[in-house]
Amino acid sequence: SSSSWTGSVDYDRPSTHSIWGFTLAGFHTRLENAFILEEQGTDANGNMLLLRKNGKGLEVSGLTLETRFNYDGDFQLEGGFTIQQSKYDEEVFWSSEIPGSRSFLRTPDHYGYYTLSLFPEGPWTLNLSGVYTGPMWVPHFAGAPGVYADELVHSQPFHELNVRLNKRIDFSKSGLKMDLSMGMQNLFNAYQSDFDTGPYRDSNYIYGPARPRTVWVGVVLSSK
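Residues in the sequence shown are numbered consecutively from 29, following the numbering used here.
Here's what the structure looks like:
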């Protein structure tokens, strides 16, 4: 069984050339008999056995603040930040080698985002966006070179910045429009640097942004 509640407050203030506002929201969820995974040793071939079972309860609660600002349609900024706490009622023993933990794994206690869009006169558009991921606890099973025992790794925070530049070209006679765009994802290459290697690596030891620094280009044709 579960129970939850949410509540929010919205405020917007317009003026002659701009509008700004914010949303403040709170949330809480209580879940009984939540599913958990616990290590149960190994089989005859040395493969790890994990048991999925009902544990005790868990709670997730937090606050989210979102803000927005637009000036004459030429400049727009949006952003949000969440602070939350996620805990099991009792420790979960995901590994038989180290003490259990009440914390949710791979779940940061704070994270956020922002988007900045510029619309100057003419065919150009510039977008900047970012995602902040706070530190989290990540399970790391032994097996890779240099990893001799299971461990809980406290990851570093990540700030992923993305940039996009777009130009629209109108072909008035044919009625076609062409959008030329290019950009870079994860500009500062905020990316996991300690992946496991070797045949006995922990293939699930992955956290943080999904891709390293990436450059891309695009062309889109459309008609009126």
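The C-beta atom is built at its ideal place from N, Cα and C for all residues, glycine as well. Bear in mind that the values here come from a model prediction, so they are computed numbers and not experimental data.
- Nearest neighbour of Gly101 by Cα position, chosen from His45, Gly83, Gln112, Arg130, turns out to be His45.
- Collapsing the DSSP output to three states places Ala62 in coil.
- For Gly85, no beta strand (DSSP E) encloses it, and the DSSP letter there is neither H nor E.
- By the Cβ neighbour-count rule, Leu91 is exposed, with fewer than 16 other Cβ atoms within 10 Å of its own.
- With 16 or more neighbouring CB atoms inside 10 Å of its own CB, Ser123 falls in the buried class.
- By the Cβ rule, the stretch 105-112 does not count as touching the stretch 73-83, because fewer than three pairs are nearer than 8 Å.
- Secondary-structure assignment with DSSP links Val245 through a beta bridge to Met210.
- Pairing Asp222 with Asp230 gives a Cβ-Cβ distance that is not under 8 Å.
- Residue state for Gly101 is assigned as coil, using DSSP reduced to three classes.
- In terms of CA proximity to Gly140, Phe186 leads the group Ser129, Trp165, Phe186.
- Classified as exposed, Tyr39 has fewer than 16 neighbouring CB atoms from the shown chains inside 10 Å of its CB.
- Per DSSP, reduced to three states, the secondary structure at Met76 is strand.
- Going by C-alpha positions, Val159 is about 5 Å away from Glu188.
- When Trp48, Ser114, Phe121 are compared, the shortest CA-CA separation from Asn98 is found for Trp48.
- Of all alpha-carbon atoms in Ser129, Lys195, Ile64, the one lying nearest the alpha-carbon of Pro148 is that of Lys195.
- Around the beta carbon of Asn214, 16 or more other beta carbons sit within 10 angstroms, so the residue counts as buried.
- DSSP places Asp224 in the coil class of the three-state scheme, outside both helix and strand.
- Runs of the alpha helix (DSSP H) lying entirely within the stretch 146-226 and spanning at least 4 residues: none are present.
- Take the alpha-carbon of Lys205 and the one of Phe199: they are about 6 Å apart.
- Contact holds between the stretch 166-181 and the stretch 230-241, because three or more Cβ pairs, one in each stretch, are under 8 Å apart.
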